[in-house]
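Heads up, the sequence shown is in the working numbering, so the first residue is 117 and it goes up one at a time. Note that beta-carbon positions come from the ideal geometry of N, C-alpha and C, so glycine has one too.
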Amino acid sequence: MYADATGVDYLWSEPDEAMHAMVRDLFPLCRSITGPGLRETIHRIGRAIPLVIHEVPSGTPVLDWNVPDEWTIRAARIETLDGRVLIDFASNNLHVVSYSRPVDAIVTRSELAEHIHTLPDQPDLIPYRTGYFANTWGFCLPHCLWETMSDPEYRIIVDSTIAPGSLTYGELLVPGQSQDEVLISVHCCHPSLANDNLSGIAVATQLASNILGENRRLSYRFLFLPATIGAITWLSRNQEVAGRIKAGLVLTCLGDPGDFHYKRSRQDNAEIDRLVVRVMKDRGLSVVELPFAPFGYDERQYGSPGFNMPVGCFMRSPNGGFPEYHTSADNLSLVRSESLAESLSVLSDILKALDANVVYSRLDGRGEPQLGRRGLYRMISGQTSTGGATQEALNWVLNLADGKHSLLDMSERSNLSFSTIASASQIALHAGLIAEV
Ligand code: ZN
């Protein structure tokens, strides 16, 4: 599904291989909330799936904000006065604080210290820092390196531009039979960070690629955008669409080997919140449930009071909850093909269950229908393929198909797996005992 910058085509590869190839391909780009690295990332995603790419001019009012000027970074270095390069953006783009303004100056060590970010507790790692609206410059470096820098003065070079341009985001709507939508939102604004950023991009791209070839009940909208300002920009331009979104997930941190985490939507007990937990339980996978909180990723924009969309956040190790988070250790060695593959598989199940989660009603709800006359005892005793349905599941479906209970309600109430209930509902449907409401 993906051809990388060197033209290597992963179209016929296994999805886990294609996803990891995509992470590797996008890793070197210096992304931010605007600029060439973000734009190139969105365009490369657009080679895998038919994205509509939007460019929103700087200065455009979006809700309470304005689209910022565009940041372009070409070079950044700290040098000794005799020309030795100590820190070079070219070797790792985390070295420069995102949105650093241009500077070419000789500064004292103590002046430089005000613009230096290190991690004393992780002295070998480079931190990731941003200064979007700070109108300053800064460098990030390993603490152990900073401690060796004892010259009285250094030469500082940041070759950047902050000027009117545009904010780039990508959008793909896969229409289903219904106008009701599922939103999948992924932030694309982090530079060379693999798990927080690129793993979500790769999994969402593969999910979209899979759904494109399927006939679905619901419509699926995929957004690839810079965090916060990107989501605010999209919301500002799509206020009528927001009302059609019945469920949504923000995806990130899906490539590490950690346990799954699910941050519930602001609604707290929405269909998506219950369904994620149900599907994980059905698969025998543990998931740590996190309450909604107004920080983290774009679930807080979709879940702002004026929208209150049921959008949760699905991760493996959560943001801030793994030692590599927002450091140079969140690199390609942290992201594993098998972790990406498992995340994709789980998310595919969640979206399939969402799609299948309808409400049925018995055509004649008086008493139990006679199953033997319809051959249904034979079906569920295993003589015919029933997709895992059981007599118990069929009884639950036939009892709770009252026009009020969804399949998820039935699964929760019976403590039978969603797929068992869904299979039983198909048997009842084909036997003419129930109809979709
Ligand atoms: Zn992050």
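Inset, instruction - Output the boundary residues of the beta strand (DSSP E) element that contains V553. - result: Locating residue 553 in the sequence shown gives position 437, where the first residue counts as 1. Unbroken run through V553: none, as it is neither H nor E.
Inset, instruction - Can you give me the start and stop residues for the beta strand (DSSP E) that H259 sits inside? - result: The residue given as residue 259 occupies position 143 in the sequence shown. Segment 259-264 is the alpha helix (DSSP H) holding H259; no beta strand (DSSP E) there.
Inset, instruction - Would you identify the three-state DSSP class for D518, choosing helix, strand or coil? - result: For the purposes of this step, residue 518 is identified with residue 402 of the sequence shown, where counting begins at 1. The three-state secondary structure of D518, taken from DSSP, is strand.
Inset, instruction - Enumerate in chain order the residues of its own chain whose CB-to-CB distance from S115 is below 8 Å, with the five nearest sequence positions on each side excluded. - result: Absent from the structure is residue 115, since the part of the chain shown begins at 117 and ends at 553.
Legend entry - Endpoints, beta strand (DSSP E) assigned at G364: Taking the sequence shown and counting its residues from 1, one reaches residue 364 at position 248. Looking at the DSSP string, the run of the beta strand (DSSP E) that includes G364 is 361-367.
Legend entry - Start and end residues, alpha helix (DSSP H) containing T349: Position 233 of the sequence shown, counted from the first residue, corresponds to residue 349. Note, T349: alpha helix (DSSP H), 345-353.
Legend entry - Proximity winner among V298, E269, H377, R140, relative to P434 (alpha-carbon distances): Taking the sequence shown and counting its residues from 1, the one referred to as residue 434 is at position 318. The shortest CA-to-CA distance from P434 to any of V298, E269, H377, R140 is the one to H377.
Inset, instruction - Determine the contact status of E287 and S335, defining contact as a CB-CB distance below 7 Å. - result: Against the sequence shown, residue 287 aligns to sequence position 171. Against the sequence shown, residue 335 aligns to sequence position 219. No.
Inset, instruction - Check whether the Cβ of D312 lies closer than 6 Å to any heavy atom of the ligand ZN, and answer yes or no. - result: Numbered from 1 along the sequence shown, position 196 holds the residue referred to as residue 312. Checking the 6 Å criterion, the Cβ of D312 is within range of a heavy atom belonging to the ligand ZN.
Inset, instruction - With a cut-off of 8 Å on the beta carbons, I'd call L314 and I300 a contact; round off their distance for me. - result: Residue 314 sits at position 198 when you count from the first residue of the sequence shown. Residue 300 sits at position 184 when you count from the first residue of the sequence shown. Wrong, their Cβ atoms sit about 16 Å apart, outside the cutoff.
Legend entry - the region 441-448 / the region 392-403 touching (three or more Cβ pairs under 8 Å): No, because fewer than three Cβ pairs between the region 441-448 and the region 392-403 fall closer than 8 Å, the two stretches do not touch.
Legend entry - Backbone CA spacing between R360 and T196 [nearest angstrom]: The residue labelled residue 360 in the question sits at position 244 within the sequence shown. The residue labelled residue 196 in the question sits at position 80 within the sequence shown. Straight-line spacing of the CA atoms in R360 and T196 works out to 58 Å.
Inset, instruction - Ignore the nearest five residues each way along the sequence and tell me which others in T224's own chain have a CB closer than 7 Å to its CB. - result: Position 108 of the sequence shown, counting from 1, holds the residue named residue 224. The answer, listed in chain order, is P268, E269.
Legend entry - Contacts around S294, its chain only, beta-carbon distance under 7 Å, and the 5 residues preceding and following it disregarded: Position 178 of the sequence shown, counted from the start, is the residue given in the question as residue 294. Taken in chain order, the residues that qualify are R333, L334, S335.
Legend entry - Coil, strand or helix - H233 by DSSP: Sequence index remark: in the sequence shown, residue 233 carries index 117 (1-based). In the three-state scheme derived from DSSP, where H, G and I count as helix and E and B as strand, H233 is classed as strand.
Inset, instruction - Give the straight-line distance between the Cα atoms of A538 and A134, rounded to the nearest whole angstrom. - result: As a position in the sequence shown, residue 538 is number 422, starting the count at 1. As a position in the sequence shown, residue 134 is number 18, starting the count at 1. Their Cα atoms are separated by approximately 31 Å.
Inset, instruction - Output the boundary residues of the beta strand (DSSP E) element that contains R271. - result: Along the sequence shown, read from residue 1 onward, the residue named residue 271 stands at position 155. According to the DSSP assignment, R271 belongs to the beta strand (DSSP E) that extends over 269-279.
Inset, instruction - State the start and end residues of the unbroken alpha helix (DSSP H) segment that holds F534. - result: Taking the first residue of the sequence shown as 1, we reach residue 534 at position 418. Note, F534: alpha helix (DSSP H), 534-546.
Legend entry - Among D240, L514, I345, nearest to R416 - alpha-carbon criterion: What you label residue 416 is simply residue 300 of the sequence shown in a count that begins at 1. Ranking the options by Cα distance to R416, first place goes to I345.
Legend entry - For P173, the first and last residue of its enclosing beta strand (DSSP E): Here residue 173 refers to the residue found at position 57 when the sequence shown is read from its first residue. Its beta strand (DSSP E) spans residues 168-173.
Legend entry - Close-in-space but distant-in-sequence residues of the same chain around G548 (CB under 6 Å, 5 per side omitted): Counting from one through the sequence shown, the residue named residue 548 turns up at place 432. Once the five neighbours on either side are set aside, G548 has no close Cβ partner at all.
Legend entry - Own chain, CB closer than 6 Å to Q383, minus 5 neighbours either side, in chain order: Numbered from 1 along the sequence shown, position 267 holds the residue referred to as residue 383. Apart from sequence neighbours up to five positions away, the residues of its chain that approach Q383 with a beta-carbon distance below 6 Å are P426, ordered along the chain.
Inset, instruction - Tell me where the alpha helix (DSSP H) around M396 begins and ends. - result: On the sequence shown, position 280 is the one that residue 396 refers to. Where M396 is concerned, the enclosing alpha helix (DSSP H) stretches over 387-398.
Legend entry - Which residues DSSP lists as bridging C146, in chain order: Taking the first residue of the sequence shown as position 1, residue 146 is located at position 30. Listed as beta-bridge partners of C146 by DSSP are no residues whatsoever.
Legend entry - With 16 other Cβ atoms within 10 Å as the buried cut-off, status of A250: Stepping through the sequence shown from its first residue, residue 250 is reached at position 134. Under this definition A250 is an exposed residue.
Inset, instruction - May I ask which residues mark the beginning and end of the beta strand (DSSP E) holding D220? - result: Locating residue 220 in the sequence shown gives position 104, where the first residue counts as 1. From DSSP, the beta strand (DSSP E) with D220 extends over 219-224.
Inset, instruction - Can you give me the start and stop residues for the beta strand (DSSP E) that S214 sits inside? - result: In the sequence shown, counting from the first residue as 1, residue 214 sits at position 98. Element bounds for S214: n/a, residue is neither H nor E.
Legend entry - Residue closest to D396, alpha-carbon to alpha-carbon, out of H306, L467, E156: In the sequence shown, residue 396 corresponds to position 280, counting from 1. As written in the sequence, residue 396 is Met, which differs from the Asp given in the question. For the residues H306, L467, E156, the minimum Cα distance to M396 belongs to L467.
Inset, instruction - Output yes if chain B places a C-beta closer than 7 Å to the C-beta of M138; else output no. - result: Among the chains in the structure shown there is no chain B, since it carries only a single protein chain.
Inset, instruction - Check the C-beta distance from D414 over to A343 and give it rounded, since I have them as a contact under 8 Å. - result: As a position in the sequence shown, residue 414 is number 298, starting the count at 1. As a position in the sequence shown, residue 343 is number 227, starting the count at 1. The Cβ separation is near 6 Å, so the contact holds.
Inset, instruction - With a 10 Å radius around its C-beta and 16 neighbouring C-beta atoms as the bar for buried, classify V553 as buried or exposed. - result: One-based indexing of the sequence shown puts residue 553 at position 437. Residue environment for V553: exposed (fewer than 16 other C-beta atoms within 10 angstroms of its C-beta).
Inset, instruction - Could you tell me if Q499 is buried or exposed, where buried requires 16 or more neighbouring beta carbons within 10 angstroms of its beta carbon? - result: On the sequence shown, residue 499 is found 383 positions in, with the first residue counted as 1. Since pLDDT at Q499 reaches only 49, below the 50 mark, its modelled position is unreliable, and no value is offered.
Legend entry - V474 versus I189 - alpha carbon distance: Indexing the sequence shown from 1 puts residue 474 at position 358. Indexing the sequence shown from 1 puts residue 189 at position 73. Each residue's CA atom was taken as its position, placing V474 and I189 some 50 Å apart.
Inset, instruction - Output yes or no for whether 7 Å exceeds the beta carbon distance between A164 and T321. - result: On the sequence shown, position 48 is the one that residue 164 refers to. On the sequence shown, position 205 is the one that residue 321 refers to. Yes, the Cβ-Cβ distance between A164 and T321 is below 7 Å.
Inset, instruction - Figure out for me which residue from R432, Q507, R193, D525 has the closest Cα to the Cα of A540. - result: In the sequence shown, counting from the first residue as 1, residue 540 sits at position 424. Out of R432, Q507, R193, D525, Q507 has the C-alpha closest to the C-alpha of A540.
Legend entry - Straight-line Cα distance separating G422 from S352: Here residue 352 refers to the residue found at position 236 when the sequence shown is read from its first residue. Here residue 422 refers to the residue found at position 306 when the sequence shown is read from its first residue. Roughly 11 Å between the two C-alpha positions.
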